[in-house]
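Enquirer: Note that the numbering used here has the sequence shown beginning at 304, numbered continuously upward.
We put the CB at the ideal spot given by N, CA and C, even for glycine.
Handing you this structure, nothing more for now.
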Amino acid sequence: MIKLREKIAYGFGDMSSSMFWKIIGMYMLFFYTDVFGLSPVAVGTMFLLTRIWDTVNDPIMGMIADRTHTRWGHFRPYLLWGAFPFAAIGILAFTTPDLAPGWRLVYAYVTYTLLMMIYTMVNVPYASMLGVMSSDPGERNILSSYRMFFAYLVSFIAIGLAEPLVNFFSDCGGVRSSARGWQYMMVVIGVVCAVLFFLCFKWTRERITVQSAKKTTIGNDLKDLLVNRPWWILLGAGVAALLFNSIRDGATIYYFKYYIQGGRSFGSLFGGLFTLSSFYLMLGQVSNMVGVVLASPLSNRFGKKTTYIGAMAIACVLSLVFHTFTPDQLFLIFVFQALISICAGCIFPLLWSMYADIADYSEWRTGRRATGLIFSSSSMSQKLGWTLGGAVTGWLLGYYGFQANEVQSEEAVRGIRMMLSYLPAVGAFLSVILIGFYPLNERRVTAISRTLRQGRKESD
């Protein structure tokens, strides 16, 4: 039985990752177009090109972690080694250098690529820890729920602080500077992230040791992965789910600035306490947490597969309805944001838990275990989804004639509205179709886990 402190510490790891990931997913495109001064098409292309390499880098990192042997285990050391470089490169990525436009684009390519590589170095081993902290499927569901709950909690905090911190630091120093505001905001976020990763390293343990893992070759690992049917299905479903999420997140600030508020940067609520966009995003994080809380009891009763299909099907329908809302229907906009986010929050803990089940399935079928490689696919699907979502968002903004910091044409506004409705609905629908073919039900997973325990070395 894993103690409460360790469950919380495991959640700290995704608190750190998600704090950065949400800032990147929700604000980086906006930062590049409206602050850094790049065109949306150039940013969309950069997202695609840099993340193609980054996606390939994930399984490489997974195989490296599988073959890492230290007194702390295979995966935990990377949280210690990568925490402070992770924070430093995040700050550089949100720094606006005094360079010519062409060199500024080069700077963006270099810092963004490094940011994603450092993220991989830390996050792939972190995700893999779920497969070696416990062999019990129920315990994994709980750990995954802790992870996602803390991830959404800190995302709520980060989103609530991001725009106010940007505004605060922008006004420091006498002359307002948005570039300074974004950079200093990331300094604050970076320090917090580094501390959280260190605490996750310090207070968690790896318990499962598979004796045959040292004899496994890279070729065998890759061969096993490529013929693993459940892995392919979950990879596709994960990409589609992240496509659903990334387009909605990346387009939110444009939706409020150019559709709801008619071009004003930050409309406010509750006497100026929150901007409209930050309140919308924070509401989404709170609702995600509700979904995370519901994920475990729903999946224990109906099964992971059925719960996943139901949540994403509802999200698809609600996203289609979202397109009908007008700027004066803020109440409905916020209500539907809450409902859609509950559905999204419900499915992501299930995805992580299902990857652990697939690692067990692969070990049971082949006699070899490649936890890091299999869990790297979770990061790979995450990045593929964000890659496609970010690239599509940037390209569509360019296609519909978006011009930063100007009143938008009807065509540009229509494109922005689609990014909060029709396009996410397509991602949700694809995810439902793919997960329908997933073959590992609860009874089969339990039987596999019981068989594996007999041949494993597992500490208390």
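So what's T629 in DSSP terms, helix, strand or just coil?
Expert: coil
Enquirer: Does DSSP put S319 in a helix, in a strand, or in coil?
Expert: helix
Enquirer: Which residues in the same chain as F387 place their Cβ atom closer than 6 Å to its Cβ, once the five residues preceding and following it in sequence are excluded?
Expert: A497
Enquirer: Anyone know if the C-beta pair for F582 and W485 falls short of 8 Å?
Expert: In this structure, W485 does not lie closer than 8 Å to F582 by Cβ.
Enquirer: When the Cα of I363 is compared with those of M657, D552, I521 and A659, which residue comes out closest?
Expert: For the residues M657, D552, I521 and A659, the minimum Cα distance to I363 belongs to I521.
Enquirer: Roughly how many angstroms separate the alpha carbons of L633 and Q640, rounded to a whole number?
Expert: 10 Å
Enquirer: Is there contact between the region 533-541 and the region 735-746, where contact requires at least three CB pairs shorter than 8 Å?
Expert: yes
Enquirer: For G704, which residues in the same chain have their Cβ closer than 7 Å to its Cβ, ignoring the five residues on either side in sequence?
Expert: Contacts found: S712, E714 and A715.
Enquirer: Please report how far the alpha carbon of D439 lies from the alpha carbon of S752, in whole angstroms.
Expert: 7 Å
Enquirer: Pull the bridge partners of T696 from the DSSP assignment, please.
Expert: Paired residues: none, contrary to the question.
Enquirer: Rounded to the nearest angstrom, how far is the Cβ of E774 from that of W506, given a contact under 8 Å?
Expert: With the chain represented from 304 up to 763, any question about residue 774 goes unanswered, as that position is not in the structure.
Enquirer: DSSP puts G376 in a beta bridge; with which residues?
Expert: T373
Enquirer: Who are the near neighbours of P727 in its chain, counting only those whose CB is closer than 6 Å to its CB and skipping five residues on each side?
Expert: F547, I550, R551 and S622
Enquirer: Along the alpha helix (DSSP H) that carries C496, what are the first and last residues, could you check?
Expert: Here the alpha helix (DSSP H) through C496 covers S481 to W506.
Enquirer: Do I677 and L545 have their C-beta atoms closer together than 8 Å?
Expert: Going by C-beta atoms, I677 is not nearer than 8 Å to L545.
Enquirer: Going by alpha carbons, who is nearest to F651 out of P400, G718, M615 and S665?
Expert: M615
Enquirer: Can you tell me the Cα-Cα spacing of V589 and N523, whole angstroms?
Expert: 43 Å
Enquirer: Reducing DSSP to helix, strand and coil, say where T578 ends up.
Expert: strand
Enquirer: Look up I305 in the DSSP assignment and say whether it is helix, strand or coil.
Expert: coil
Enquirer: From L755 to Y664, what distance separates their C-alpha atoms?
Expert: Using only the alpha carbons, I get a separation of about 9 Å.
Enquirer: Could you tell me whether the region 359-376 touches the region 426-436, where touching means 3 or more Cβ pairs closer than 8 Å?
Expert: yes
Enquirer: So, for G606: in the same chain, excluding its five sequence neighbours on each side, which residues have a beta-carbon less than 8 Å away from its beta-carbon?
Expert: N744 and E745
Enquirer: Please list, in chain order, all residues of the same chain as V593 whose beta carbon is under 6 Å from its beta carbon, the five residues on each side excluded.
Expert: I645
Enquirer: Excluding the five sequence neighbours on either side, which residues of its own chain have a C-beta within less than 7 Å of the C-beta of M420, listed in chain order?
Expert: D357 and N360
Enquirer: Find out if the Cβ-Cβ distance for the pair L733, A543 is shorter than 8 Å.
Expert: yes
Enquirer: Quick check on E791: does DSSP put it in helix, strand or coil?
Expert: Missing from the structure shown is residue 791; the chain here goes from 304 to 763 and no further.
Enquirer: If we call anything under 8 Å between Cβ atoms a contact, is T416 one with T353?
Expert: yes
Enquirer: Suppose you measure from the CA of P467 to the CA of S473; what does that come to, to the nearest Å?
Expert: 10 Å
Enquirer: Would you mind sorting R604 into buried or exposed? The rule is 16 or more other CB atoms within 10 Å of its CB.
Expert: When all chains shown are included, R604 counts as exposed.
Enquirer: Roughly how many angstroms separate the alpha carbons of V596 and C649, rounded to a whole number?
Expert: Distance between the alpha carbons of V596 and C649: 8 Å.
Enquirer: Excluding sequence positions up to five away, which residues of its chain have a Cβ less than 7 Å from the Cβ of V346?
Expert: L332, Y335, T336 and G697
Enquirer: Should A390 and G314 be called a contact, given that it needs their Cβ atoms to be closer than 8 Å?
Expert: no
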